[in-house]
Amino acid sequence: MACPCWRRRRLLSLVRCETDNTEPLSRRLSDAKEEAVSDGEALGGLIERVASLQRALESAVLQRNVAVALMHQAQRHAEEAEAAVEAAARAGELAAAEVREKMEQSVATDARIRELEREMLVLRDGEQWALETALEAAAAKTREKEGGGMGGACASGSSRRRCYVTSDGCQT
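Each position in the sequence shown, counted from 1, maps to that position plus 540 in the working numbering.
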């Protein structure tokens, strides 16, 4: 058994030793705490940066999806426009064929009109000739019935002269 003073001395020695041992430990703890805070701040910055990058990536994905949708829509519009152009070309070809047909009909109608006009002129000339011939024949018969030529005023306008139309239609 030890003396109480030794105990006290030993206790003080232990306390001093503990204090000496805890001082570097508390300093290391303090340094570690500062390091952890610094690392935490850095980690917080990294987390914010990752979140920012994730938002940017999500935005880029949305923009890409919108661009793809717009591209598909543009492709559909291009296909519709191409179909409309083809339909317009077919309609134009049909219209051109119809115009050609109408032109051919018009040319044929013009030719038929000219042919009918020629026939009408021939008929008119024939009718005129037939009328003149009939009138001449009637005049000739009338003169023959009356006994010779028909006397009348001369075509020159002289009242002393007389003009006669013979049976062949000549004036004298």
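The beta carbon of each residue, even a glycine, is placed where N, CA and C say it ideally should be.
Check	Outcome
Backbone CA spacing between Arg683 and Glu676 [nearest angstrom]	10 Å
Whole-angstrom distance between Arg664 and Lys681, CA atom to CA atom	25 Å
Span separating the alpha-carbon of Ser592 from that of Ala627	52 Å
Secondary structure of Gly687, DSSP reduced to three states	coil
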